[in-house]
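A.B. asks:
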Amino acid sequence: MPPMPSATDSLRRWGGLAASVSIVAGIWLLVLPVIGAQPQVRTMIENNEQLGIDPSAKFYTELPGMERFLQRIDDTHRQHPNVMWSRSAPEQASIPKPAPHVPL
Amino acid sequence: MSAPPPDENTVIEPVAPVSSRPDWLCTEDWWAVWLGALVLLVATIATWSARPAENPQTLEKLTGVIKQIDEERAKEAPDAKHLAELTKEREKLNGQLAVNPTKSWLAKLGSWDTQPAKAFLSKSGQSIVPGLIGVFLCCAVLFSIGIGGMGESVPRFLLAFLVVFLLAVLAFVLAGQKVIKHYNLEYALWAILVGLIISNTIRTPKWLMPAVRTEFYIKTGLVLLGAEILFSRLLSLGVPGIFVSWITTPVVLISTFIFGQRILKISSPSLNMVISADMSVCGVSAAIATGAACKAKREELSLAIALSLGFTVIMMVLMPAFIRAVGMNEVIAGAWLGGTIDSTGAVAAAGGMLGETALTVAATVKMIQNILIGVVAFCVSIYWIGWVERDASAPRLGIVEIWRRFPKFMLGFLAASFVFSVMASSGPEGEATTSAVLHGTSQTLRGWLFCLAFVSIGLETNIRELAPYFHGGKALTLYVVGQTLNLIVSLFMCWLMFEKVFPHAADALRN
């Protein structure tokens, strides 16, 4: 059976926990909000939110805009059915046409 | 008298099970399959039963809208505003085809900038606490069934699970801070940190251990992840997509693993494999899947994830800057980002910095790479059984022995992928049902299960145990060399495919 921790040992452990929690709280509640308020960072965050991007997504299904991206790809396949399967030039000579981008 | 040594072709006889209970009732692997299947089955039945009666009319409208989109895009000068309206209409109709009634039972924490309390509100400002209670109850019931089924104490598990779950909530709150979130510092890191703080200060209390079930949570989460691996999406970018994602990635993975074994002589093949896979495939999710397939230690998984997230932040910022500086073609740039940056979210964020085309191509290439996880995890598990774990002097493994050693949760993972791939390919209704099940139930629960797993890893880890893994910097060298190779090979393949072999595909994607 492991020896019972002494009062000093116990105090040291709880002190360690309190110090760690304080550091985490300080970073998350004070430092990060200041960084987030920087114009460059704020612009990046707003841009991601507008485009339906969740940068913390682990898998494609977690990306809010994925369905739209796939639909855009599907549109391309319907418009130019063989373009991603064959090396020959597509029948429609209109590919280089500058089409407008649909906002994502 | 000893038995004669078996010859080279002798097949090992299976070892008789010690327990009288069948394997499929007393191992975590099998329970992960049953629990994952139960979640997917309930969500699918609920979604299918709740499908709207007016679906035939909705489908008709959807076909009409798609036709209008095609006509508009085929015009010499398409009307961008009209196209945007039609696209929105299509999204709305797609959403009406299937409704998942279980979606409201479960919730994920939101993001916040200065007030952590905002993490508990939905985008519409409503409290998500009922959804969190739903997640807790769902996980508690599911794992109580599994724990009870394996003959362990359910009350002790439930008491401990409440605390582990609250720690997972805390990890999600930390991960939801917007700066953290938008620099791709995912919850896995903070879940491990939360656990580490406890285990390395006051030490993880013994009564908490019944709910510290890293492997059980990961394996069940992986069965749910299997449903998200839709092979019908594999051909989204045709031949170029296959070459960029499915040829380059395995080449880089295998080369990096061989480099780690032969040149760096990394003592742990599982550490080598987890780092090689997370670097070449798709970051944390690939690390989790291959880590489970090759039975990597929790410290190895933690190290691989930390390396991957650290380099992801750097690449997410530097790669778009480099691409802009050299004026790279947006399609090639998108494909390069998708093929190299580890994390899916970071790929999208980097693509978004370059433009809509780069974003669409990057996210799609990454999605095709995501699908590779299933194949990689399966191949790694077979390679581990047949080569790494096998004693070189032992006789050849027979089918029965391979089956005995095979990680059974992988069957659930592969079966979920197969069933949902078939369902998604069965037409618009099947696709909508699949999407509703994945977005409403499986993805949310899978996220919670992985978070619980990472909290458990932290609670079981002594920081001192991590020190040997940093010794000699081999892990870091492996990652840097592998990623450098990945950057070079991927760039060459993207250029070859979209510039030389299929230039018309790049032109079409730019439109």
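First to last, the protein sequences are chains A and B. Mind the numbering: the first sequence is residues 779 to 882 in the working numbering, read in order. Mind the numbering: the second sequence is residues 787 to 1297 in the working numbering, read in order. We put the CB at the ideal spot given by N, CA and C, even for glycine.
Write down every uninterrupted run of the alpha helix (DSSP H) in the region 996-1042 of chain B whose length is 4 residues or greater and which is fully enclosed by it, in chain order.
C.D. replies: DSSP runs (the alpha helix (DSSP H)) wholly in the region 996-1042 of chain B: 1000-1012, 1024-1028.
A.B. asks: What are the residues in the region 1091-1110 of chain B lying within 7 Å of chain A by C-beta distance?
C.D. replies: Taking 7 Å as the Cβ-Cβ cut-off against chain A, none of the residues of the region 1091-1110 of chain B qualify.
A.B. asks: Leaving out five residues on either side along the sequence, give the residues of the same chain with a beta carbon under 6 Å from the beta carbon of residue 1122 (chain B).
C.D. replies: Excluding positions up to five away in sequence, the list reads 1276, 1277, 1280.
A.B. asks: Could you confirm whether any beta carbon from chain B is found closer than 8 Å to the beta carbon of residue 786 (chain A)?
C.D. replies: Closer than 8 Å: no.
A.B. asks: Measuring only between beta-carbons, confirm whether residue 800 (chain A) sits less than 8 Å from chain B.
C.D. replies: With 8 Å as the cut-off, residue 800 (chain A) does not count as an interface residue toward chain B.
A.B. asks: Any beta carbon of chain B sitting closer than 8 Å to that of residue 804 (chain A)?
C.D. replies: Output row for residue 804 (chain A): interface = no.
A.B. asks: Could you tell me the alpha carbon to alpha carbon distance between residue 1189 (chain B) and residue 1232 (chain B), rounded to whole angstroms?
C.D. replies: Distance between the alpha carbons of residue 1189 (chain B) and residue 1232 (chain B) is about 26 Å.
A.B. asks: The ligand NAD and residue 860 (chain A): does the residue's C-beta get closer than 7 Å to at least one heavy atom of that ligand?
C.D. replies: Only the bare structure without any ligand can be found here, which leaves the ligand NAD out of the picture.
A.B. asks: Using a C-beta to C-beta distance shorter than 7 Å, which residues of chain A count as neighbours of residue 1026 (chain B)?
C.D. replies: Within chain A, the residues near residue 1026 (chain B) are 862.
A.B. asks: Give every residue of the same chain whose Cβ lies closer than 6 Å to the Cβ of residue 1002 (chain B), excluding the five residues on either side of it in the sequence, and list them in chain order.
C.D. replies: Once the five neighbours on either side are set aside, the close Cβ partners of residue 1002 (chain B) are 814.
A.B. asks: What separation, rounded to the nearest whole angstrom, lies between the Cα atoms of residue 1219 (chain B) and residue 832 (chain B)?
C.D. replies: The alpha-carbon atoms of residue 1219 (chain B) and residue 832 (chain B) are separated by roughly 10 Å.
A.B. asks: Rounded to whole angstroms, what is the Cα-Cα separation between residue 1056 (chain B) and residue 1080 (chain B)?
C.D. replies: Answer to the nearest angstrom: the Cα atoms are 6 Å apart.
A.B. asks: Enumerated in chain order, which unbroken segments of the alpha helix (DSSP H) with a length of 4 residues or greater are wholly contained in the region 1237-1285 of chain B?
C.D. replies: Listed in chain order, the complete alpha helix (DSSP H) runs (minimum 4 residues) inside the region 1237-1285 of chain B are 1249-1256, 1260-1281.
A.B. asks: Rounded to a whole number of angstroms, what is the C-alpha to C-alpha distance between residue 880 (chain A) and residue 873 (chain B)?
C.D. replies: Low confidence applies to residue 880 (chain A): its pLDDT is 47, below 50, so where it sits in the model is not reliable, and the reading given next is rough at best. Whole-angstrom Cα-Cα distance: 8 Å.
A.B. asks: Check the Cβ-Cβ distances between residue 859 (chain A) and every residue of chain B, and say whether any is below 8 Å.
C.D. replies: False, the Cβ-Cβ gap to chain B never drops below 8 Å.
A.B. asks: Could you check what DSSP says for residue 843 (chain B) in three-state terms: helix, strand or coil?
C.D. replies: Correct three-state label for residue 843 (chain B): helix.
A.B. asks: Do you know how far the Cα of residue 1072 (chain B) is from the Cα of residue 1199 (chain B)?
C.D. replies: If I take the Cα positions, the gap works out to 13 Å.
A.B. asks: Which of helix, strand or coil does DSSP assign to residue 810 (chain A)?
C.D. replies: Three-state DSSP puts residue 810 (chain A) in a helix.
A.B. asks: Quick one: what's got a C-beta closer than 6 Å to residue 1082 (chain B)'s C-beta in the same chain, skipping five residues either side?
C.D. replies: Counting only Cβ-Cβ distances below 6 Å, and skipping sequence neighbours, we find 1056, 1060.
A.B. asks: Report the neighbours of residue 854 (chain A) on chain B: residues whose CB is nearer than 8 Å to its CB, in chain order.
C.D. replies: Near residue 854 (chain A) (Cβ distances below 8 Å), the residues of chain B are 1294, 1295, 1297.
A.B. asks: Put residue 1062 (chain B) into one of helix, strand or coil per three-state DSSP.
C.D. replies: Here residue 1062 (chain B) sits in helix by DSSP.
A.B. asks: Between the Cα of residue 1029 (chain B) and those of B:938, B:1267, B:1131, B:1283, spot the shortest distance and give me the residue it belongs to.
C.D. replies: Selected option, being the one with the closest Cα: B:1283.
A.B. asks: From residue 820 (chain A) to residue 1103 (chain B), what distance separates their C-alpha atoms?
C.D. replies: Computed Cα separation, rounded: 15 Å.
A.B. asks: Please name the residues in the region 1184-1196 of chain B whose beta-carbon is closer than 8 Å to at least one beta-carbon of chain A, in chain order.
C.D. replies: Within the region 1184-1196 of chain B, no residue qualifies.
A.B. asks: Enumerate in chain order the residues of its own chain whose CB-to-CB distance from residue 1255 (chain B) is below 8 Å, with the five nearest sequence positions on each side excluded.
C.D. replies: Excluding positions up to five away in sequence, the list reads 1057, 1085, 1086, 1089, 1261.
A.B. asks: Residues in the same chain with beta-carbon distance under 6 Å from residue 1014 (chain B), minus the five sequence neighbours each way, listed in chain order, please.
C.D. replies: So the list reads 1224, once near-sequence residues are dropped.
A.B. asks: With a 10 Å radius around its C-beta and 16 neighbouring C-beta atoms as the bar for buried, classify residue 1048 (chain B) as buried or exposed.
C.D. replies: By the neighbour-count rule (16 or more Cβ atoms within 10 Å), residue 1048 (chain B) is not buried but exposed.
A.B. asks: Return the CA-CA distance between residue 816 (chain B) and residue 860 (chain B), expressed in angstroms with no decimal places.
C.D. replies: In a straight line, the C-alpha of residue 816 (chain B) is about 52 Å away from that of residue 860 (chain B).
A.B. asks: Per the contact definition of three or more C-beta pairs closer than 8 Å, is the region 897-909 of chain B in contact with the region 1229-1247 of chain B?
C.D. replies: The answer is no - the region 897-909 of chain B does not touch the region 1229-1247 of chain B, with fewer than three Cβ pairs under 8 Å.
A.B. asks: Would you check if the distance between the CB atom of residue 1035 (chain B) and the CB atom of residue 1158 (chain B) is smaller than 8 Å?
C.D. replies: Yes. Within cutoff.
A.B. asks: Taking the C-alpha atoms as reference points, what is the distance between residue 959 (chain B) and residue 840 (chain A)?
C.D. replies: Taking the straight line joining both Cα atoms gives about 18 Å.
A.B. asks: So, is the C-beta of residue 938 (chain B) closer than 8 Å to a C-beta in chain A?
C.D. replies: Closer than 8 Å: no.
A.B. asks: If you drop the 5 nearest sequence neighbours on each side, which residues of the same chain put their C-beta closer than 6 Å to that of residue 1209 (chain B)?
C.D. replies: Taken in chain order, the residues that qualify are 1216, 1220.
A.B. asks: In whole angstroms, what is the alpha-carbon distance linking residue 939 (chain B) and residue 890 (chain B)?
C.D. replies: So the two alpha carbons sit approximately 31 Å from each other.
A.B. asks: Return yes when the Cβ of residue 1095 (chain B) is within less than 8 Å of the Cβ of residue 1272 (chain B), no when it is not.
C.D. replies: Going by C-beta atoms, residue 1272 (chain B) is not nearer than 8 Å to residue 1095 (chain B).
A.B. asks: Could you compute how far the alpha carbon of residue 789 (chain B) sits from the alpha carbon of residue 1192 (chain B)?
C.D. replies: Bear in mind that the predicted position of residue 789 (chain B) carries a pLDDT of just 39, short of 50, making it unreliable; the figure below should be weighed with that in mind. Approximately 28 Å between the Cα atoms of the pair.
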